[in-house]
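Written out below as structure tokens is the structure these notes cover.
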Amino acid sequence: MKHLHLIGTSHRFVPPSRIGEVGSKEELLQLLNREKDQGLLRGFVLLCTCNRREAYLELAPGSKEIPPSIVRAFSRVPGLRLHGPSVTEHLFRVASSLDSMVVGENQISGQVRAAVQDARDQRRLSSLLEEGFQAALRTAKEIRRKTGLGTQSVSVASVGAAATRTLLARRGIENPRIAIVGAGTMAKKAASAFRRGKACRLFFVNRSEHKARALAETYGGETLSLAQVLRGSQAFDALLTAVSTEKALIDLACAQILTREGPIVLTDLGSPANIEKRCGDLDGVSLLDMDKLREISEAKLEERQALAAQAEPILQRGLARFRNRQKAKDLGLDRVRREHLKLAEEELSRITQFGGFSESYKSHLEEAFLRLAKAHAHLHLKDLKTRLMPAQT
């Protein structure tokens with residue numbers, strides 16, 4: 003695993019509002035593909051979420067350091083660089099939601115799975131990265147099954163929806179009018195979270211009318227165009243955004259229009275930010291952006307940390323299994339087994355070439371040699387594993 007490297011950043015190093023400074027997913031993919039085409043990378047997986055930009059790299063043979071162009075891109079903000087076995091441990095924690103902004107959130111495993119599938123589809127996934135990511139996802143599944151971590155309806159979207167509800171309740175608003183801009187996973191999770199609570203009137207907003215209509219049919223609500231929202235055709239008590247866009251959807255002028263009918267809660271789940279931060283300075287605007295949601299999620303961490311403690315030994319066992327398999331490959335244990343059988347066959351051929359053996363005797367002799375070879379190979383492999391691999395607990 004000496005060729006494995008990781009470079010990236012997350013909510014642990016910078017406020018979520020700064021994650022996008024590293025670059026968009028498209029910009030990073032273009033950079034990484036260029037380095038792979040030049041023969042500097044054997045493969046890579048790019049994981050981009052609202053709180054994370056990480057590139058998992060397997061360097062090509064002969065390469066010892068991450069290409070400088072990649073280092074420069076990811077060095078725009080503070081972050082982390084890992085090498086060797088520490089890369090896989092970090093990956094296992096990410097896939098299991100132990101490194102998430104909301105520990106135990108149930109969205110990250112799907113995002114990791116999608117990142118791997120994308121790399122596979124684009125032929126940029128090396129066999130080592132494939133094995134590492136699949137092992138991490140299997141361990142994440144085991145953690146969910148045995149501890150319940152990640153099975154609750156906990157996500158950035160649900161935290162955002164709950165925080166929005168709290169601010170609306172403080173104003174004594176019943177059956178609030180809530181607009182949801184977006185049609186992706188985050189928007190769907192937010193809609194589901196709102197519907198689990200008290201009555202509210204939902205409006206679904208998307209550039210694609212049929213996507214907005216589909217959400218309205220699924221979760222119950224009305225549809226509006228983005229243009230209608232931005233010109234203030236409908237009054238809202240809250241507006242939640244969850245889209246991927248290079249430019250903020252809601253700027254200062256838009257926020258002022260949205261407050262003409264009264265105060266509003268603006269909740270930004272987008273990546274990069276969908277709502278300009280200065281909108282929060284306006285009278286009548288309560289802004290819940292990723293930075294604020296991180297503060298809220300950290301305040302509610304105690305219960306999930308207890309589950310995370312239960313997950314730790316499961317993670318370590320899964321990690322040990324993966325590393326042991328890689329060691330087995332490095333040691334060539336399958337080759338050891340084949341060599342034992344080959345030697346037995348060669349010795350049997352040497353003995354029987356002189357003749358004087360009946361076919362029945364030769365058959366019994368062959369069976370005995372092969373049994374002995376397999377038994378000896380088993381003892382040899384067992385001894386190697388005992389000496390060179392850490393004991394499982």
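Our numbering puts the first residue of the sequence shown at 3, with every later residue one more than the last. Virtual Cβ for every residue (Gly too), placed ideally from N, Cα, C. Model, not experiment: these values are computed from the prediction.
Check whether the Cβ atoms of residue i and residue j sit closer than 7 Å, and answer yes or no.
i	j	result
Ala313	Leu151	yes
Leu127	Tyr58	no
Val2	Pro80	Residue numbering for the chain in the displayed model covers 3 to 395; residue 2 lies beyond these limits and cannot be assessed.
Leu309	Val287	no
Leu2	Gly162	Look at the range of the chain in this structure, 3 to 395, and you will see that residue 2 is not part of it.
Glu368	Leu345	no
Ser157	Gln109	yes
Arg74	Ser12	no
Leu130	Val47	no
Leu49	Ala117	yes
Ile180	Leu204	yes
Ser299	Met103	yes
Lys213	Ala237	no
Leu33	Val89	no
Return yes when at least one heavy atom of the ligand MG lies under 6 Å from the C-beta of residue i, else no.
i	result
Arg327	Looking for the ligand MG in the displayed structure turns up nothing, as the structure carries no ligands at all.
Looking only at its chain, what residues have a beta carbon closer than 8 Å to the beta carbon of residue i, apart from the 5 residues adjacent to it on each side?
i	result
Gly234	Ile259, Leu260, Arg262 and Glu263
Asn276	Val183, Thr243, Ala244, Val245, Thr247, Ala250, Leu251, Ile252 and Asp270
Gln307	Val105
Arg122	Glu132
Keeping to the same chain, check which residues put their C-beta closer than 6 Å to that of residue i; ignore five residues upstream and five downstream.
i	result
Leu232	Cys256
Thr51	Gln113
Arg215	Thr225
Ser26	none
I'd like the list of long-range same chain contacts for residue i, defined as Cβ closer than 7 Å, with 5 residues on each side in sequence excluded.
i	result
Ala62	Gly41, Leu42, Leu43 and Arg44
Lys4	Gly86
Gln394	For Gln394, the predicted model reports a pLDDT of 44, less than 50, meaning its position is unreliable and no value from the coordinates is stated.
Arg14	none
Glu91	Leu321
Asp293	Pro17, Pro18 and Ser19
Could you please give me the residues that DSSP links to residue i through a beta bridge?
i	result
Thr269	Leu242 and Leu290
Gly134	BP columns for Gly134 are empty, so no partner.
Arg2	Past the boundaries of the shown model lies residue 2; the chain is included only from 3 to 395, so the question cannot be answered.
Leu6	Glu60
Ser12	Arg54
Ile252	Ile277
Taking 7 Å as the threshold (beta carbon to beta carbon), is residue i in contact with chain B?
i	result
Ile21	As a matter of chain content, chain B is missing from the structure shown, which is built from one protein chain.
Any chance you could list the beta strand (DSSP E) runs of at least 3 consecutive residues sitting entirely within the segment 58–116, in chain order? 82–85
Assess, as a yes-or-no matter, whether the segment 20–33 is touched by the segment 91–107 under the definition of 3 or more beta carbon pairs within less than 8 Å. no
Output the residue ranges of the alpha helix (DSSP H) runs that lie fully inside the segment 184–247 and measure 4 residues or longer, sorted by chain position. 187–198, 211–221 and 228–232
Whole alpha helix (DSSP H) elements within the segment 274–318, 4-residue minimum: 292–301
Hey, is the segment 237–248 in contact with the segment 185–204, meaning 3+ C-beta pairs nearer than 8 Å? yes
Taking only runs that begin and end inside the segment 20–56, name each unbroken alpha helix (DSSP H) of 4 or more residues, in chain order. 27–39
Report yes or no: do three or more beta-carbon pairs, one from the segment 131–151 and one from the segment 168–184, lie closer than 8 Å? no
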